[in-house]
Amino acid sequence: MRTILRHPDFRLLFSGLLASMVAESILLLALAIWVKDLTGSDGMAGAAIFATVAPMAAAPLVGWVVDRFPRRPFFVTANLVTAVLLTPLLAVRDAGDVWIIYAVGALYGLSYIALTASLNALVREIVPGDLLAEANGVLQTVKQGLRLGGPLAGAGLYAGVGGWALVALGATGFVTAAVVVRAVRVREVMPVRDQVSWLTELGAGLRHLLGVAPLRRAVTGTGLAVLVMGLSEALIFAYVDQGLGREPAFVGVLVTVQGIGGLLGGLISAAVVRRVGELGALAIGNAAFAPAMLALVYPELWLGFLALILAGVALPLTFVGLTTLIQRRTPAPLLGRVTTASEALVNGPQSLSIGFGALLVGVVDYRLLFLLMALAVLGAATYLWTGRRLSAPGSVPVIPGPVVPAPRRPVASEVGVPAGGRTG
């Protein structure tokens, strides 16, 4: 961690991101709480969360837009636009204005996708290839740390001062990020626009993701694990209510405990990637969920805390492993589209599993479901671990090559293996 923070341009980028990550953390639950306060409806409050997640369906299109512009100017502009799009919330007065919160939530969801894609590409431009895991680990450590208190701080700010304070603090964070990142030194390269149809360009990220063996294995294994783990969003309430015999609000305590594990996971993630490679880190991260799910089968508080710490450790390992692999195995002009395609494939199905879990928990014992989840996640981790040789530490340099978006068989210089090497 110290090594990457000595890098002057990353240190400047990190300073700007810290401001925007604070803004993101306070807005995480605040919009839903605002709707609940205005309407008294749990369903309408949940719809506010759904509004921010729904734009994931447009992720490939967002990635295509990101790849059409130089990285730093786009990232700076996207932060400024995000700050501006929060301002309509100042007009919210009563339940009749809830549609404004929904609209802002949807636009914020789009901006989050764009910021994530452009950030991954910008980090790739700034950071040397051998330090990418360290950079992603630092960012995940801070993000997980902010989740310890950020959402609660946002809720408290809304309750104590009002919605305008959320808008002011959130917009300030994004504007600060834009101002600071604008000073980052990076060689700006205008993307080359190939003479192909926009549909061909749009699908180039997905084709690359599925055409390169380690990336294909990463999104397949992680996508299956995340699909299963989405069930826990509903099961955790049954665990707290039926198992521990506590009020639903106790879930907040468990989330805080998970944040502690997230800090630990962020601190060790770069070392794990260096030791076993990106696919190995993904395997370990997913495997850590298995004992966590098993511990929740038996409702004891100390076991519950241990389970959530393990789950917290697993999250940064998974994020850092996947992000670093994408950055190292993707040509720079494609990073926006590949990042958003991976988001759609890995996180998109999770929303379906959350709803499915809500149905299952009413008819199946939550303990049996946790047991089945543990077995499924362990299977996904095994699949990832057996392919770890595809991303062995130090075996493949960061890909510098150009992108050819038309469908074809990739050549060795573009898939990140030496000439004559295997791609799958």
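Our numbering puts the first residue of the sequence shown at 485, with every later residue one more than the last.
For glycine and all other residues, C-beta sits at the position ideal for the given N, C-alpha and C.
For clarity, every value in this text was computed on a predicted model and none was experimentally measured.
Taking threonine 660 as the centre and dropping the five residues before and after it, the same chain places the C-beta of Gly500, Ala503, Ser504 closer than 8 Å to its C-beta, in chain order. By the Cβ neighbour-count rule, aspartate 581 is exposed, with fewer than 16 other Cβ atoms within 10 Å of its own. The beta carbon of glutamate 827 sits closer than 6 Å to the beta carbons of Ala543 from its chain, once the five residues preceding and following it are set aside; these are given in chain order. Within its own chain, the residues whose Cβ lies closer than 6 Å to the Cβ of glycine 871, once the five positions on either side in sequence are excluded, are Arg701, Leu763, listed in chain order.
Burial check for arginine 556: the Cβ neighbour count within 10 Å reaches 16 or more, so the residue is buried.
At a Cβ-Cβ threshold of 9 Å, tryptophan 518 and isoleucine 585 count as neighbours.
Put simply, of Arg813, Tyr782, Pro775, Arg812 the residue whose alpha carbon is nearest the alpha carbon of glycine 796 is Pro775.
Comparing C-alpha distances from proline 783 to each of Arg730, Arg631, Val651 shows the shortest one belongs to Arg730. Contact between leucine 693 and valine 822 holds: CB atoms are separated by about 5 Å, below the 8 Å threshold. Alanine 667 sits in coil when the DSSP states are folded into three classes, being neither helix nor strand.
A contact between stretches requires three or more CB pairs, one per stretch, nearer than 8 Å, and the segment 735 to 746 meets this requirement with the segment 627 to 634.
Taking all protein chains in view, the Cβ of proline 635 is crowded by 16 or more other Cβ atoms within 10 Å, so the residue is classified as buried. Per the coordinates, the alpha-carbon of arginine 608 lies some 17 Å from the alpha-carbon of arginine 758. The beta strand (DSSP E) runs lying completely inside the segment 733 to 777 and spanning 3 residues or more number zero. The beta-carbon distance between alanine 639 and alanine 529, rounded to whole angstroms, is 12 Å. This is too long to meet the 8 Å contact definition. The three-state secondary structure of glutamate 618, taken from DSSP, is helix. Judged by beta-carbon spacing, leucine 496 lies beyond the 9 Å limit of alanine 619, meaning their Cβ atoms are not closer than that value.
DSSP places methionine 857 inside the alpha helix (DSSP H), whose first and last residues are 850 to 870.
Taking 9 Å as the cut-off, the Cβ atoms of phenylalanine 854 and valine 760 do not count as close. With contacts defined as CB atoms closer than 9 Å, glycine 689 and glycine 820 qualify as a contacting pair. Residue burial is scored here from C-beta neighbours: serine 753 has at least 16 other C-beta atoms within 10 angstroms and is therefore classed as buried.
By the C-beta density criterion, leucine 801 is buried, having at least 16 other C-beta atoms within 10 angstroms. CA-CA distance, glutamine 726 to aspartate 849, rounds to 10 Å. Exposed is the label assigned to arginine 671, since fewer than 16 other Cβ atoms lie within 10 Å of its Cβ.
Judged by DSSP in its simplified three-state form, alanine 876 adopts coil rather than helix or strand. Between glycine 805 and leucine 766, the C-beta gap is smaller than 9 Å, which places the two residues in contact. A distance below 6 Å between beta-carbons, with the five flanking residues on each side excluded, links phenylalanine 789 to the following residues of its chain, in chain order: Val741. For the options Leu564, Phe498, Ala579, the alpha carbon positioned closest to that of threonine 523 is the one of Ala579. Taking a contact as a CB-CB distance under 8 Å, the pair leucine 573 and valine 651 counts as one, their CB atoms being some 5 Å apart. CA-CA distance, alanine 771 to valine 588, rounds to 37 Å.
Approximately 5 Å separates the beta-carbon atoms of leucine 599 and alanine 562; this is inside 8 Å, confirming the contact. One Cα belongs to arginine 552, the other to leucine 728, and the distance between them is close to 52 Å. Our two residues, phenylalanine 534 and methionine 540, have alpha carbons roughly 10 Å apart in a direct line.
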